[in-house]
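J.: Residues -1 to 367, numbered by our numbering, are exactly what the sequence shown covers, in order. Note that beta-carbon positions come from the ideal geometry of N, C-alpha and C, so glycine has one too.
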Amino acid sequence: MGMIAGEASGDLLGADLMASLQAQHPDIQFYGIGGPRMQALGFESLFDMEELSVMGLVEVLKHLPRLLHIRKHIVRHFIDNPPDVFIGIDAPDFNLGVEKRLKDKGIKTVHYVSPSVWAWREKRVFKVKAATDLVLALLPFEKAFYDRYQHPCVFVGHPLADRMPLDVDVPAAWQALGLAEQHPTLAILPGSRGGEVARMAPLFKEAALKLKADNPALRFLVPAANAKRREQIEAAFRDVADVTVVDGKGRDVMAASDAVLLASGTATLEAMLAKKPMVVAYQVHPFTYWLAKKLVRVNRFSLPNLLADADWVPELIQEDASPDAIFAAVKGALGEAQQDNPARFRALHERIRQNASEQAAKAVLELLC
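1) Apart from the five residues on each side of it in sequence, which residues of its chain come closer than 6 Å, Cβ to Cβ, to residue 298?
2) With H, G and I counted as helix, E and B as strand and the rest as coil, what does DSSP make of residue 120?
3) Measure the C-alpha to C-alpha separation of residue 11 and residue 113 and round it to an integer number of angstroms.
4) Taking 7 Å as the cut-off, does the CB of residue 272 come closer than this to any heavy atom belonging to the ligand ATP?
5) Where does residue 336 land, buried or exposed, given buried means 16+ other C-beta within 10 angstroms?
6) Could you compute how far the alpha carbon of residue 281 sits from the alpha carbon of residue 345?
7) Restricting to Cα atoms, I'd like to know which of 94, 110, 146 and 132 is closest to residue 116.
8) So residue 251 and residue 221 are in contact, right, with Cβ under 8 Å, and what is the actual spacing, rounded?
9) Between residue 172 and the rest of its own chain, which residues show a CB-CB distance below 7 Å, the 5 nearest in sequence each way excluded?
10) With contact counted as at least three CB pairs below 8 Å, one residue from each stretch, are the stretch 213 to 228 and the stretch 188 to 203 in contact?
11) With residue 91 as the anchor, note down where its alpha helix (DSSP H) starts and where it stops.
12) How is residue 183 classed by DSSP in three states: helix, strand or coil?
13) Answer with buried or exposed for residue 176, where buried requires no fewer than 16 other C-beta atoms within 10 angstroms of its C-beta.
14) Considering only residues of the same chain and omitting the five flanking positions on each side of residue 272, which have a CB-CB separation below 6 Å?
15) Classify residue 206 as buried or exposed, calling it buried when 16 or more other Cβ atoms lie within 10 Å of its own Cβ.
16) How is residue 177 classed by DSSP in three states: helix, strand or coil?
17) Where in the stretch 12 to 72 do unbroken runs of the beta strand (DSSP E), each at least 3 residues long, occur, reported from the N-terminal end onward?
18) I need the straight-line Cα distance from residue 317 to residue 326, nearest angstrom please.
19) Look at residue 279 and residue 324 and say whether their C-beta atoms are less than 8 Å apart.
20) Do you know how far the Cα of residue 131 is from the Cα of residue 102?
21) Check this for me: beta carbons of residue 93 and residue 86, under 8 Å apart or not?
22) Would the stretch 29 to 45 count as touching the stretch 2 to 19 if we require 3 or more Cβ pairs under 8 Å?
23) Tell me, which residues are paired with residue 207 by DSSP?
24) Can you tell me which of the three DSSP states residue 221 falls into?
25) Within 8 Å (strictly less), CB to CB, does residue 99 reach chain D?
26) Hey, quick one: how far does the alpha helix (DSSP H) through residue 266 stretch, first residue to last?
27) So, residue 359 versus residue 22, is the Cβ gap smaller than 8 Å?
28) Cα separation between residue 340 and residue 247?
29) Relative to the C-alpha of residue 314, which candidate in 300, 306 and 308 has its C-alpha closest?
30) Cutting at 6 Å between CB atoms, please list the residues of its own chain near residue 234, excluding the five before and the five after it.
31) Quick check on this structure: which residue in 185, 351 and 365 has the alpha carbon closest to the alpha carbon of residue 329?
32) Nearest to residue 308 by CA position, among 44, 15, 239 and 343, is which residue?
33) Ordered along the chain, which non-local residues of its own chain (more than five positions away) have a Cβ less than 6 Å from that of residue 258?
34) Is residue 140 buried or exposed, if buried means 16 or more other CB atoms sit within 10 Å of its CB?
35) Under DSSP, the beta strand (DSSP E) around residue 348 begins and ends at which residues?
36) Classify residue 4 as buried or exposed, calling it buried when 16 or more other Cβ atoms lie within 10 Å of its own Cβ.
Right under this line is the structure:
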């Protein structure tokens, strides 16, 4: 089987899928591009996965010649040594091009993790249809989207829902963070990338000052993705009392808290799986926001609200994400404004907890029958 994973999250998905496939067929050979987790299971990586892990327009343009070189050679290798099936794991900008070339040569192709075609640039679905025989979707509404376009898609569930327990162990989270005394606690997650933290941390700091003035007993936990983010966060929150910056451990931080204030992204799903009241706030460059309004087709942007198809979680974007608005929404989340959400979130957790890697393996093997 051929596979390409473009970043660490894809390497984890790929390793879990390989393990499920190997449990049924121990003699399967895997080759392509993968990371250390996949290689630990016997995967033959023909290029360093890190070379594909570039983000942002400027960085992609800088590395474009090398990316095109890798894609040309990996496609040629797969054509010369055709796998029974090729599985592109996420990384659609790279993988869909590979999948299209291989499908044109009669090789079965699967794309694992749907691009967000349901949210913006919907016409990309025709590119997905042309490139793939099957899409493995992590979210149930994605399958409904592909059904509308009559393209094979299997909802396999979300791996995060498999990894996170249905019942949150709050005392264990407190212990993992070395916290002894219990105080009302707010988790603040301003993002994991430098530009994102630079935009959101000052805004969240202003809201934190208002929250602290309103409730002097309130404590704040802020996870930092790495040393550079820690420096940014510590500088931004210098004037706020009772802030603890934690290296990593984002899930423990959420589990130990009474509510979560966070920027949009996968962290909203993690907060939902931790069954925590939350407020989602986000700001982008004005031009980016103007362009997004032209292209985005959904009215909600946090994963809990998208899964629920309802406004369970406050979403504050652009000019609506003011310190005063964030303060009011978080105060409500710490109070009783979202008292129904933990039970609702558990139901959503159960809905997307499908044992994703086993479901994905089953779908791939059925494609080969």
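T.: Well, looking at it:
1) So the qualifying residues of the chain are 304.
2) Residue 120 sits in coil when the DSSP states are folded into three classes, being neither helix nor strand.
3) When rounded, the distance between both Cα atoms is 15 Å.
4) In terms of ligand content, the structure shown is empty, and the ligand ATP therefore cannot be addressed.
5) Counting C-beta atoms within 10 angstroms of its own C-beta, residue 336 has 16 or more neighbours from the protein chains shown and is therefore classed as buried.
6) Those two C-alpha atoms are separated by around 30 Å.
7) Minimum Cα distance to residue 116 is reached at 146.
8) The pair is a contact, with the Cβ atoms about 5 Å apart (cut-off 8 Å).
9) Cβ within range, chain order: 254.
10) Yes, since at least three Cβ pairs between the stretch 213 to 228 and the stretch 188 to 203 fall closer than 8 Å, the two stretches touch.
11) Residue 91 -> alpha helix (DSSP H) spans 90 to 102.
12) Taken through DSSP and simplified to helix, strand or coil, residue 183 comes out as strand.
13) Exposed, since its Cβ has fewer than 16 Cβ neighbours within 10 Å.
14) The beta carbon of residue 272 lies closer than 6 Å to those of 166, 252 and 253 in the same chain, with the five residues before and after it left out.
15) The residue is buried, with at least 16 neighbouring Cβ atoms inside 10 Å.
16) Per DSSP, reduced to three states, the secondary structure at residue 177 is coil, with no helix or strand assignment.
17) The stretch 12 to 72 contains these whole beta strand (DSSP E) runs: 29 to 31.
18) One C-alpha to the other measures close to 15 Å.
19) Against a cut-off of 8 Å, the Cβ pair of residue 324 and residue 279 comes out as a contact.
20) Here the alpha carbons of residue 131 and residue 102 stand approximately 11 Å from one another.
21) Their beta carbons are under 8 Å apart, which means residue 93 touches residue 86 by this criterion.
22) Three or more beta-carbon pairs separated by less than 8 Å link the stretch 29 to 45 to the stretch 2 to 19, which places the two stretches in contact.
23) Residue pairing by DSSP leaves residue 207 without any beta bridge partner.
24) Of the three classes helix, strand and coil, the one that applies to residue 221 here is strand, per DSSP.
25) The structure shown contains no chain D; it is built from a single protein chain.
26) Boundaries of the alpha helix (DSSP H) harbouring residue 266: 264 to 271, taken from the DSSP string.
27) Contact flag set, yes.
28) So the alpha carbons of these two residues sit roughly 21 Å apart.
29) Among 300, 306 and 308, the Cα nearest to that of residue 314 belongs to 300.
30) Cβ neighbours of residue 234 beyond the five flanking positions: 199, 200 and 203.
31) The candidate whose alpha carbon is nearest that of residue 329 is 185.
32) Of the listed residues, the one whose Cα sits closest to residue 308 is 343.
33) Apart from the 5 residues on each side of it in sequence, residue 258 sits with its Cβ closer than 6 Å to the Cβ of 185, 252, 269, 274 and 276 in its chain, given in chain order.
34) Buried, since its Cβ has 16 or more Cβ neighbours within 10 Å.
35) For residue 348, there is no enclosing beta strand (DSSP E); the residue is found in the alpha helix (DSSP H) stretching over 339 to 350.
36) Buried: at least 16 other Cβ atoms inside 10 Å.
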